[in-house]
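Chains as they are written, first to last, in our numbering: chain A, 259 to 852; chain X, 409 to 522; chain V, 14 to 257.
Here a beta-carbon is modelled for each residue, glycine too, at the ideal position from N, C-alpha and C.
Please read all numbers here as calculations on a predicted model, not as lab measurements.
Written below as structure tokens is the structure these notes are about.
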């Protein structure tokens, strides 16, 4: 067993505990230093693990408890390419955030960095685990650390965001746990591969369907898929920028990844006969999220809230990739979320720079107030989000669209529309802030949010603009250029093929049998995809210009305002939507998948 | 009759959800969240129960005696700790909301919307 | 959404959800009829493999010890998080509240009960892997014993008994010890968190290998965590706050 596997979880957690114990006796910068060192180490380990997952997964049994006769006694980590990649991305995002916020959060002592480290450890555990209950534990650990990281500060808005986060995600986790109880009652196992093997022989009866519903819904809440997405916009909008970088860059993506991580080993057996119907349901969910996310992003004036909705839109596109239920589209989703997660992280840091300089992240208030360098970063990021070839997310989207055969030929058009909305929103903001174009009043964008200026510590910030911009630029370069890694799309497809091969994967985890060598390669992006990518970028730029110079008055219609009003900020509304969503999704499953 | 404990778990989850949705007081809301979580304890422990079995403690009891499932008990223990931590944290947030806003009514605190 | 639309929408959805959940649990084996392999195998092998009579404790600290590590750190994180949210916003205008219990019998009986409760808690921890109990359960009882000081006397006595800086060290130390024990196994060439101490005689306090150590690390951390949590909330109550 590879000794590096437990380290991405153990190192941050140990560092957090030690820092909490002795941090009050040490100088304030010690917390920043520990966080920086640990996140760099985690990134490096993540990259090494990624290189080692080329031919087979890295399976690690904690406590040395290997399975006996197919019964898993202990907890396993099952590191595949997607998990290792997301783990490395988390480390990199955290390193950039720590550099960005060097010494900003010192007045609380070491507590802020303690919680950041716990959050990183939980994220790594969630990315790498292969045990269903273990996934629940790390999911809740992420939520606990995140509530405080979001709600930190004296303003009411962060507290409300934290409250909504905690309550909605809490219910998501209960649904997951209820589902775990059902599956355990049927199969007597908690290891994903073992549950799958046990279920594979049987058919998809009520328990399996409801178990699938509950487990998937729990992860979809974390991912921020419509209609479980309401908490995400509130929380991401009010969290401090360095924390938001981790949320938008990797936490939502992990929720999405978990859906695939659990579906393929556990449910692909009994649900194989219903793949067509399941595909329709998941792709519909993904498309709705992509379009709603993009549309809402376009209707925001607060940049962090805009980026939150961009995240929701992109998660929707990722869900389409998973929902198509093929290896290639799964690989496409992984590439897409990895590269765009880094780009979104970079954009959040650029917003952080803006906040530091002019004390606002409101698009209309910040008009004409940005630095040219930040403007370039923001514009490049916006184009990357729109999917301009040949950036990383373009290859991801091309692979997703490759799976859109048969009745799904309309998919590239819809994905283009969603990308135009998200990219257009970002480019519009870039034009207004950095070039001073457009009006400074747009009623349809709503009132100015009571945005917390937490980036303002009591003492003047010691971080230099150069460091902050460099962190943002570094993330952008990696996010945009990740597709330049030789043969990466091919490797992603090969890894996805192994994930979707349930019997071989189970044999690998439970008996240690090496999987058959797959000669899978990624097809070159099709002409349709290239056209779609170019159209998305051009369309986004065009939409942005139209919005800036024509104004948004045409949008002031009742449906638009009603849509915005639905995102009321009231937690009881959100829980109602959660219940309605899960009931509707369950009804769809039961009707279509029997 | 033999499915009544499971029905109880379903009831607890749904009634907890109802409590949250109709709540006008944040502390009440957070406690309803805990009620919903207790549905998972009931489900897990009910799943692992075996009739005429003893607890999985083998002090003074011969090995091979029929015992209930120990794994769900360990899972429930973890679940209880999770519940306590989330409860403590959300209550702290509720306290701060009261200090900053002067109200604990969820319908009256939104500062972020749209 | 106004309350008028919210509640009907919720009731319809909840009815649907209840039906779905009912549909799901109908597929479970009847209550009392469970035959899952995980528990059956463990009940048979734990005594031989780990010399521990409390199978649940063996599952919590050994077989599924990694979950417990996450859970430990969760409690630890909750304390840090509560402190972050509540501590830094407390201004100096704290009103000193006098809240000592006036009734002599209550004080006397309450304070007399404190050492008894703490001793009970320590017993539950110490024998936790032999008979029902364990670090979490016993740690909670010890913490409640300390809280009894506040209930029977006054909060300042509680605060003086549990100085934050000291308890912080125990809390972080307990969590760190747990992770360090797990890492230690790794450094020693074994798997992460593998049990590496001699297993001892069944039924003795020294049985179970590293389980007793993890048990005590957990107990220390849980006690310290609850003491800190109670302290944070008590401070809130004791401080005069004007909303807004």
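Item: Nearest-angstrom Cα separation, counted from residue 350 (chain A) out to residue 299 (chain A); Value: 10 Å
Item: Burial state of residue 201 (chain A) (16 or more Cβ within 10 Å); Value: Coverage of chain A is limited to positions 259 through 852, which leaves residue 201 (chain A) absent and any answer about it impossible.
Item: Distance, residue 601 (chain A) Cα to residue 312 (chain A) Cα; Value: 25 Å
Item: Within-8 Å CB hit, residue 228 (chain V) to chain X; Value: no
Item: Proximal residues of chain A, C-beta to C-beta of residue 447 (chain X) below 8 Å; Value: 432 and 436
Item: Chain A residues whose Cβ lies nearer than 8 Å to that of residue 248 (chain V); Value: Within chain A, no residue comes near residue 248 (chain V); the closest Cβ sits about 15 Å away, beyond 8 Å.
Item: Nearest to residue 156 (chain V) (by Cα), restricted to the options V:218, V:174, V:144 and V:141; Value: V:174
Item: Cβ of residue 458 (chain X) within 8 Å of any chain A Cβ; Value: no
Item: Rounded separation between residue 116 (chain V) and residue 413 (chain X) - CA only; Value: 44 Å
Item: The beta strand (DSSP E) enclosing residue 318 (chain A), as first and last residue numbers; Value: 316 to 319
Item: Local Cβ density within 10 Å of residue 370 (chain A), reported as buried at 16 or more and exposed below that; Value: buried
Item: Alpha-carbon to alpha-carbon, residue 374 (chain A) and residue 496 (chain X); Value: 19 Å
Item: Span separating the alpha-carbon of residue 346 (chain A) from that of residue 386 (chain A); Value: 11 Å
Item: 6 Å Cβ shell around residue 458 (chain A) - same chain, five flanking residues per side excluded; Value: 527
Item: Helix, strand or coil at residue 677 (chain A) [DSSP, three-state]; Value: helix
Item: Contacts around residue 416 (chain X), its chain only, beta-carbon distance under 6 Å, and the 5 residues preceding and following it disregarded; Value: 450
Item: Same chain, Cβ closer than 7 Å to residue 694 (chain A), neighbours up to 5 away in sequence not counted; Value: 625 and 626
Item: Within chain V, partners of residue 376 (chain A) - CB distance below 7 Å; Value: 86 and 90
Item: Residue 18 (chain V) - DSSP class collapsed to helix/strand/coil; Value: helix
Item: Cβ-Cβ separation, residue 181 (chain V) to residue 301 (chain A) (assumed contact under 8 Å), whole Å; Value: Their Cβ separation, rounded to whole angstroms, is 30 Å, which puts residue 301 (chain A) and residue 181 (chain V) out of contact at 8 Å.
Item: Per-residue burial, residue 240 (chain A) [other beta carbons within 10 Å of its own, 16 or more giving buried]; Value: Lying before the first or after the last residue shown, residue 240 (chain A) is absent from chain A, which here runs from 259 to 852.
Item: Beta-carbon proximity of residue 684 (chain A) to residue 639 (chain A), cut-off 8 Å; Value: yes
Item: Cβ-Cβ distance between residue 76 (chain V) and residue 458 (chain X) below 8 Å; Value: no
Item: For residue 387 (chain A): DSSP bridge partner residues; Value: A:335
Item: Under 9 Å from the C-beta of residue 364 (chain A): neighbouring residues of chain V; Value: Near residue 364 (chain A) there are no residues of chain V at all, since even the closest Cβ is about 11 Å away, more than 9 Å.
Item: 9 Å Cβ cut-off: residues of chain X touching residue 395 (chain A); Value: 486 and 490
Item: Interfacial residues, the stretch 317 to 334 of chain A to chain V, with Cβ spacing under 7 Å; Value: 319, 320, 321, 322, 323, 329, 331, 332 and 333
Item: Cutoff 8 Å: residue 509 (chain X) Cβ touching any chain A Cβ; Value: yes
Item: Local Cβ density within 10 Å of residue 389 (chain A), reported as buried at 16 or more and exposed below that; Value: buried
Item: Contact set between residue 479 (chain X) and chain V, taken where Cβ atoms lie within less than 7 Å; Value: 51, 52, 55 and 72
Item: Reduced DSSP category for residue 475 (chain X) - H, G, I as helix; E, B as strand; rest coil; Value: strand
Item: For residue 729 (chain A) and residue 634 (chain A), the rounded distance between their alpha carbons; Value: 14 Å
Item: Assigned secondary structure, residue 329 (chain A) (DSSP; H/G/I helix, E/B strand, else coil); Value: strand
Item: Buried or exposed by the 16-neighbour rule on C-beta atoms within 10 Å, applied to residue 59 (chain V); Value: buried
Item: Expected contact under 8 Å - CB spacing of residue 652 (chain A) and residue 747 (chain A) to nearest Å; Value: In fact, because the Cβ distance is near 11 Å, the residues do not count as touching under 8 Å.
Item: Near-chain X residues of the stretch 500 to 525 of chain A - C-beta to any C-beta below 7 Å; Value: none
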